[in-house]
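Student: Numbering (the working numbering), first residue to last: 1387 to 1955.
Positions of the beta carbon are idealized from the N, C-alpha and C atoms, including for glycine.
Laid out in structure tokens, this is it:
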């Protein structure tokens, strides 16, 4: 690795303008990034991580103000990151690549993926019209898509959240930037895709000299590939140094708190299930397809008893989110039935269907996309209560305040709008909003994947307490095997649009199915990085390689988005 710095940031300060007084988000942040180096930026939701990335790519919202700081990119020095003379159109994409956390929002909804590759490559004059398809195909294949041609002809809304995340990474890498600002690049990905993306970033660093600022709340991901680690708390750097030292022997109390929160999640156990066990939800032989005769769900059967927490585990594109939308009535199944307490959801109309909204609530994966950008957090949580005519104005406000405090949204953030909040804060608001009507069935589609470990532990403990008190049922859709095994009573594994098996959470590791073993092995690889940090890379994955490779070789190829292993960059 060369010692030459490709990016230097000095004394960066950012404030957000608000109604009463400005919010200071970043306080004199300074760091550098050397050629071929991967530096992780760790911190809780709302600590300012994403604001740093937006400031370094000229993407801050109008309400943000850069109060000070200088930036050096290669040989070019800019005295103020926010100055009008900074040529962001030349810098962004070609010299500094940006991978945002809200991947679906970063993609144009009315352009096919092929057109978006063409738009990026031709804007920077890197390819002719004829050269675009093979370049796009190469990078999609590199990121593990089983059918790149189909993806290129798809619109973003036809892809899962994890697939959109990989498409955005391919779009960033195809421009061959010197620096990649990767904002939570793995938070929406399953464990297999996470491992593949981390391998790709490592290979890009080794072969192309790519420098990466990896913004993440996942300490295991940071430990897996980082050379150095920076820890951010409330807009200030509280610790910086070699990743092994920071993550294994931290000096800061705040860093120790982040590490301890991982153990709190491991120690979670679901409440004892209720004895009656009547079925709140029954999914009976449900199938669903989309354009091009593409079947996403295949004869799905699932029962969720009253007071139980059922996890759904599977790769990106396996049909998890589509199943959640069918249960919530947002998509109509092509075949089969969905029963809520014995009543067919598809047959409900009018007032009966409106009442059902109170009892089945869905927390979407893309929290920011489902929140009105012009309303404050406090107003957003009161919205479903007004719609369902629950309580008077004073009662709604009091309930909204209590829920926002319960999910960790402070007084100041309550009066901000979604564009002024981090993705993790938006996710917590979405959780409070879904809990407000008092549902019988709560569907959580990657509801905690965008949250840092401290808030994850807090939210999961809160859901356990509420579930024990009120007895509602909960379906937790996630790619995080570690969390599901601690949080759920049972786990259903989805493979290729079907439920492959359902097991008690504590016995998931006993599964003999190659696909389940593959998911567990890849999770083990990433989790084990904390204890293996600092060892030689050839030895780093020994504990999981045999199990993982055997599982990969035995797993039948399904029409999900799992391709061959990555080819060398």
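Please confirm if the region 1622-1635 is in contact with the region 1862-1879, defined as three or more CB-CB distances below 8 Å between the two stretches.
Tutor: In short, these stretches do not touch, since the Cβ pair count stays below three.
Student: With which residues is residue 1602 paired in a DSSP beta bridge?
Tutor: Paired residue(s): 1428.
Student: When DSSP labels each residue in this structure, what does residue 1830 get in the three-state scheme?
Tutor: In the structure shown, residue 1830 sits in a strand (DSSP, three-state: E or B).
Student: Can you give the Cα-Cα distance for residue 1373 and residue 1622, rounded to whole angstroms?
Tutor: Since the first residue of the chain shown is 1387 and the last is 1955, residue 1373 is not available in this structure.
Student: For residue 1760, report the span of its alpha helix (DSSP H) as first-last.
Tutor: Element bounds for residue 1760: n/a, residue is neither H nor E.
Student: Looking at the structure shown, is residue 1455 part of a helix, part of a strand, or coil, going by DSSP?
Tutor: Residue state, collapsed to three classes: strand.
Student: If we require 3 or more residues per run, which beta strand (DSSP E) segments fall completely within the region 1456-1536?
Tutor: Qualifying beta strand (DSSP E) stretches, in chain order: 1462-1464 and 1482-1485.
Student: If we ignore side chains and look at the alpha-carbon of each, how far apart do residue 1430 and residue 1602 end up?
Tutor: So the alpha carbons of these two residues sit roughly 9 Å apart.
Student: From which residue to which residue does the beta strand (DSSP E) around residue 1722 run?
Tutor: Counting along the chain, the beta strand (DSSP E) containing residue 1722 begins and ends at 1721-1726.
Student: So, under 8 Å CB-CB, residue 1785 and residue 1822 are touching, yes? Tell me the CB distance rounded to an integer number of Å.
Tutor: Going by Cβ atoms, the distance from residue 1785 to residue 1822 rounds to 6 Å, so yes, they are a contact pair.
Student: Taking buried to mean at least 16 other C-beta atoms within 10 Å of its own C-beta, is residue 1463 buried or exposed?
Tutor: Classification for residue 1463: exposed.
Student: Look at residue 1846 and residue 1575 and say whether their C-beta atoms are less than 8 Å apart.
Tutor: Cβ atoms of residue 1846 and residue 1575: not closer than 8 Å.
Student: Restricting to Cα atoms, I'd like to know which of 1774, 1682, 1521 and 1531 is closest to residue 1559.
Tutor: Taking only the C-alpha atoms, the option nearest residue 1559 is 1521.
Student: Please tell me whether residue 1427 and residue 1596 are closer than 8 Å, where the distance is taken between their beta carbons.
Tutor: No, these two residues do not count as a Cβ contact at 8 Å.
Student: Tell me whether residue 1671 sits in a helix, a strand or coil according to DSSP, three-state version.
Tutor: Looking at residue 1671 - three-state DSSP - the assignment turns out to be strand.
Student: Would you kindly check if the distance between the Cβ of residue 1555 and the Cβ of residue 1493 is under 8 Å?
Tutor: The answer is no: Cβ separation not under 8 Å.
Student: Run through DSSP, which three-state label would residue 1862 get?
Tutor: Note: residue 1862 maps to strand in three-state DSSP.
Student: Check for me: the alpha helix (DSSP H) holding residue 1751 runs from which residue to which?
Tutor: From DSSP, residue 1751 is part of no alpha helix (DSSP H); its letter is neither H nor E.
Student: Helix, strand or coil, according to DSSP, for residue 1400 in the structure here?
Tutor: Strand at residue 1400.
Student: For the alpha helix (DSSP H) holding residue 1873, just list the boundary residues, first then last.
Tutor: 1867-1873 is the extent of the alpha helix (DSSP H) around residue 1873.
Student: Do you know how far the Cα of residue 1800 is from the Cα of residue 1751?
Tutor: Between residue 1751 and residue 1800, the C-alpha separation is close to 21 Å.
Student: How many angstroms separate the CA atom of residue 1394 from the CA atom of residue 1465?
Tutor: Distance between the alpha carbons of residue 1394 and residue 1465 is about 12 Å.
Student: According to DSSP, is residue 1570 helix, strand or coil?
Tutor: Here residue 1570 sits in coil by DSSP.
Student: Assuming residue 1771 contacts residue 1815 (C-beta within less than 8 Å), just tell me the rounded distance between them.
Tutor: In fact, because the Cβ distance is near 14 Å, the residues do not count as touching under 8 Å.
Student: Quick one: Cα of residue 1889 to Cα of residue 1876, how far?
Tutor: In a straight line, the C-alpha of residue 1889 is about 6 Å away from that of residue 1876.
Student: Determine the extent of the alpha helix (DSSP H) in which residue 1855 is found, giving its start and end residues.
Tutor: Segment 1839-1856, the alpha helix (DSSP H) holding residue 1855.
Student: Can you tell me where the alpha helix (DSSP H) with residue 1621 in it begins and where it stops?
Tutor: Looking at the DSSP string, residue 1621 is not in any alpha helix (DSSP H), and its letter there is neither H nor E.
Student: Using CA atoms only, rank isn't needed, just tell me which of 1688, 1854 and 1538 is closest to residue 1713.
Tutor: Among 1688, 1854 and 1538, the Cα nearest to that of residue 1713 is on 1688.
Student: Buried or exposed, going by whether 16 or more other CB atoms sit within 10 Å of the CB of residue 1569?
Tutor: So residue 1569 counts as buried.
Student: Name the two residues that bound the continuous beta strand (DSSP E) containing residue 1886.
Tutor: Residue 1886 -> beta strand (DSSP E) spans 1884-1890.
Student: Taking the CB atoms as reference points, tell me whether residue 1577 and residue 1909 lie closer together than 8 Å.
Tutor: Closer than 8 Å, so yes.
Student: Give the single residue among 1671, 1495 and 1666 whose Cα lies nearest to the Cα of residue 1696.
Tutor: Closest by alpha carbon: 1666.
Student: Pull up the distance between the alpha-carbon of residue 1607 and that of residue 1567, whole angstroms please.
Tutor: Approximately 15 Å between the Cα atoms of the pair.
Student: Exposed or buried, what is residue 1953 when buried is set at 16 or more other beta-carbons lying within 10 Å of its beta-carbon?
Tutor: Confidence is the limiting factor: at residue 1953 the pLDDT is only 27, short of 50, which leaves the residue's position unreliable, though a coordinate-based value still follows. Counting Cβ neighbours within 10 Å, residue 1953 comes out exposed, since fewer than 16 surround it.
Student: In this structure, does DSSP put residue 1691 in helix, strand or coil?
Tutor: Residue 1691: strand per DSSP, three-state reduction.
Student: Checking 8 Å against the spacing of the C-beta atoms, do residue 1392 and residue 1564 come in under that value?
Tutor: Yes, they are a contact pair.
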